[in-house]
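If you read the sequence shown in the numbering used here, its first letter stands for residue 1, the second for the next number, and so on.
Working notes, structure below.
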Amino acid sequence: MASESETPRITELHVRMDCNGCEHKIRKTLRAIDGVSDVYVDSANQKVTVVGIADPERIVKAIRKTKRVPTIFSHTDPRSYLLDSGDLAKTRGIFSLLGEQTGEILSGIYAEIS
(Lines of atoms letter the chains of each structure in order from A and count residues from 1; the text may use other names and numbers.)
(Lines give C-alpha, C1' and ligand atoms only; values in the text may rest on other atoms or scores of the structure.)
Protein backbone atom coordinates (compact mmCIF):
# COMPACT_ATOMS: atom_id res chain seq x y z
CA MET A 1 0.00 0.00 0.00
CA ALA A 2 1.40 3.40 -0.97
CA SER A 3 1.92 6.23 1.46
CA GLU A 4 -0.26 9.33 1.18
CA SER A 5 2.86 11.53 1.20
CA GLU A 6 4.05 10.15 -2.16
CA THR A 7 3.93 12.45 -5.17
CA PRO A 8 1.55 11.23 -7.89
CA ARG A 9 3.10 9.89 -11.09
CA ILE A 10 1.90 9.98 -14.67
CA THR A 11 1.80 6.71 -16.58
CA GLU A 12 0.91 6.78 -20.28
CA LEU A 13 -0.02 3.55 -22.02
CA HIS A 14 -0.94 2.48 -25.52
CA VAL A 15 -4.05 0.29 -25.40
CA ARG A 16 -6.09 -0.81 -28.40
CA MET A 17 -9.71 0.28 -27.96
CA ASP A 18 -12.24 -0.56 -30.67
CA CYS A 19 -15.39 1.00 -29.23
CA ASN A 20 -16.85 3.07 -26.40
CA GLY A 21 -17.43 -0.13 -24.44
CA CYS A 22 -13.69 -0.86 -24.45
CA GLU A 23 -12.97 2.67 -23.27
CA HIS A 24 -15.56 2.41 -20.48
CA LYS A 25 -14.27 -0.99 -19.32
CA ILE A 26 -10.66 0.24 -19.12
CA ARG A 27 -11.64 3.47 -17.34
CA LYS A 28 -13.77 1.56 -14.80
CA THR A 29 -11.03 -1.01 -14.15
CA LEU A 30 -8.35 1.62 -13.60
CA ARG A 31 -10.48 3.78 -11.30
CA ALA A 32 -10.96 0.75 -9.04
CA ILE A 33 -7.20 0.53 -8.34
CA ASP A 34 -6.05 2.05 -5.04
CA GLY A 35 -3.69 4.93 -5.72
CA VAL A 36 -5.19 5.98 -9.06
CA SER A 37 -6.53 9.54 -8.83
CA ASP A 38 -7.33 10.34 -12.49
CA VAL A 39 -7.74 8.39 -15.72
CA TYR A 40 -7.75 10.08 -19.13
CA VAL A 41 -8.66 8.00 -22.18
CA ASP A 42 -7.90 9.20 -25.71
CA SER A 43 -9.56 6.54 -27.86
CA ALA A 44 -8.69 8.32 -31.13
CA ASN A 45 -4.97 7.89 -30.38
CA GLN A 46 -5.40 4.60 -28.46
CA LYS A 47 -3.82 6.22 -25.40
CA VAL A 48 -4.59 5.96 -21.68
CA THR A 49 -3.05 8.37 -19.15
CA VAL A 50 -3.14 7.40 -15.47
CA VAL A 51 -2.30 9.86 -12.68
CA GLY A 52 -1.70 8.60 -9.17
CA ILE A 53 0.63 6.75 -6.86
CA ALA A 54 -0.30 3.27 -8.13
CA ASP A 55 2.50 1.04 -9.37
CA PRO A 56 2.70 0.94 -13.21
CA GLU A 57 2.98 -2.85 -13.18
CA ARG A 58 -0.27 -3.06 -11.22
CA ILE A 59 -1.92 -0.80 -13.81
CA VAL A 60 -0.71 -3.04 -16.65
CA LYS A 61 -1.91 -6.17 -14.85
CA ALA A 62 -5.40 -4.65 -14.38
CA ILE A 63 -5.66 -3.71 -18.06
CA ARG A 64 -4.57 -7.22 -19.10
CA LYS A 65 -7.52 -8.60 -17.12
CA THR A 66 -9.80 -6.71 -19.55
CA LYS A 67 -8.25 -8.80 -22.37
CA ARG A 68 -6.32 -5.81 -23.74
CA VAL A 69 -2.58 -5.61 -24.33
CA PRO A 70 -1.16 -2.43 -22.76
CA THR A 71 2.24 -0.99 -23.59
CA ILE A 72 3.79 1.60 -21.28
CA PHE A 73 5.37 4.31 -23.38
CA SER A 74 5.86 6.96 -20.71
CA HIS A 75 6.14 6.86 -16.96
CA THR A 76 7.18 10.12 -15.37
CA ASP A 77 7.17 12.10 -12.21
CA PRO A 78 4.61 14.87 -12.80
CA ARG A 79 6.99 17.56 -11.61
CA SER A 80 8.60 17.41 -15.05
CA TYR A 81 5.36 18.85 -16.50
CA LEU A 82 4.49 21.41 -13.82
CA LEU A 83 4.21 25.14 -14.40
CA ASP A 84 4.83 28.02 -11.96
CA SER A 85 1.16 27.96 -10.99
CA GLY A 86 1.30 24.24 -10.16
CA ASP A 87 -0.86 23.40 -13.18
CA LEU A 88 -0.20 20.33 -15.27
CA ALA A 89 -1.26 20.53 -18.91
CA LYS A 90 -2.95 17.35 -20.19
CA THR A 91 -4.83 16.26 -23.29
CA ARG A 92 -8.26 16.76 -21.71
CA GLY A 93 -7.60 20.14 -20.10
CA ILE A 94 -5.51 21.40 -17.22
CA PHE A 95 -5.67 20.06 -13.70
CA SER A 96 -3.73 21.26 -10.71
CA LEU A 97 -0.95 19.56 -8.76
CA LEU A 98 1.57 21.06 -6.35
CA GLY A 99 4.88 22.11 -7.83
CA GLU A 100 7.33 24.92 -8.37
CA GLN A 101 9.02 24.38 -11.74
CA THR A 102 8.82 26.86 -14.57
CA GLY A 103 7.55 26.31 -18.07
CA GLU A 104 4.92 27.19 -20.61
CA ILE A 105 2.03 25.34 -22.22
CA LEU A 106 2.73 24.10 -25.74
CA SER A 107 -0.44 23.87 -27.86
CA GLY A 108 -2.56 22.92 -24.84
CA ILE A 109 -1.13 19.43 -24.52
CA TYR A 110 2.09 19.42 -22.52
CA ALA A 111 4.27 21.91 -20.71
CA GLU A 112 7.84 22.58 -21.75
CA ILE A 113 10.13 22.98 -18.77
CA SER A 114 12.66 25.78 -18.89
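We treat Cβ as the ideally placed atom computed from N, Cα and C, and that holds for glycine.
Remember, it's a predicted structure, so these values are computed and weren't measured experimentally.
DSSP, reduced to helix, strand and coil, places VAL60 within a helical segment of the structure shown. A straight line joining the alpha-carbon of LYS47 with that of GLU6 spans about 25 angstroms. Cβ-Cβ distances below 8 angstroms link ALA62 to THR29, LEU30, ALA32 and ILE33 in the same chain, with the five nearest sequence neighbours on each side left out; the list follows chain order. Listed in chain order, the non-local C-beta contacts of LYS65 below 8 angstroms within the same chain comprise THR29, local neighbours out to five positions each way being set aside. Here LYS47 is bridged, per DSSP, to HIS14 and ASP42. Here the alpha carbon of ARG58 sits roughly 12 angstroms from the alpha carbon of VAL50. In the displayed model, GLY52 falls within a strand according to three-state DSSP. The bridge partners DSSP lists for ILE72 are LEU13. Just so you know, the alpha carbons of ARG9 and VAL15 end up roughly 19 angstroms apart. The C-beta separation of ALA54 from VAL36 comes to about 5 angstroms, placing the pair in contact by the 8 angstroms criterion.
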